[in-house]
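Colleague: Counting the sequence shown from 1 gives a position; the working numbering is that position plus 390.
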Amino acid sequence: VPEAAASDKRHVVCPHCKKPFDAEPLPGPATRHRGFKCPHCRLFVPAERVGLPREG
Ligand SMILES: [Zn+2]
391 VPEAAASDKR HVVCPHCKKP FDAEPLPGPA TRHRGFKCPH CRLFVPAERV
441 GLPREG
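1) State yes or no: is the C-beta of residue 409 nearer than 7 Å to some heavy atom of ligand 1?
2) What is the rounded straight-line gap between the Cα of residue 429 and the Cα of residue 417?
3) Check whether the Cβ atoms of residue 439 and residue 405 sit closer than 8 Å, and answer yes or no.
4) What is the rounded straight-line gap between the Cα of residue 338 and the Cα of residue 441?
5) Give every residue of the same chain whose Cβ lies closer than 7 Å to the Cβ of residue 425, excluding the five residues on either side of it in the sequence, and list them in chain order.
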């Protein structure tokens with residue numbers, strides 16, 4: 391199934407509201423700002439907070 395290659399979805403537990411969700415990292419102007427937007431509380435979740443390795 392080749393569709394998996396195009397998706398960068400991650401399973402994330404929001405550090406703010408502690409609820410899990412699946413999302414792709416938001417595109418940002420710099421890699422240090424990569425992260426997710428929690429669909430539950432709508433707060434920004436930095437990628438490094440959820441154990442995503444930084445690039446670059
Ligand atoms: Zn949240």
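Think of the CB as a built atom: it goes at the ideal place given N, C-alpha and C, for glycine as much as any other residue.
Modeller: Reading off the structure:
1) Residue 409 sits at position 19 when you count from the first residue of the sequence shown. Indeed, a heavy atom of ligand 1 lies less than 7 Å from the Cβ.
2) Locating residue 429 in the sequence shown gives position 39, where the first residue counts as 1. Locating residue 417 in the sequence shown gives position 27, where the first residue counts as 1. Between the alpha carbons of residue 429 and residue 417 lies a gap of roughly 16 Å.
3) The residue given as residue 439 occupies position 49 in the sequence shown. The residue given as residue 405 occupies position 15 in the sequence shown. Less than 8 Å divides the Cβ of residue 439 from the Cβ of residue 405.
4) A query on residue 338 cannot be resolved here, the shown segment of the chain reaching from 391 to 446 and no further.
5) Position 35 of the sequence shown, counted from the first residue, corresponds to residue 425. Sequence-distant Cβ neighbours of residue 425 in its own chain, meaning closer than 7 Å and more than five residues away, are 415, 416, 434, 435, 436, 437.
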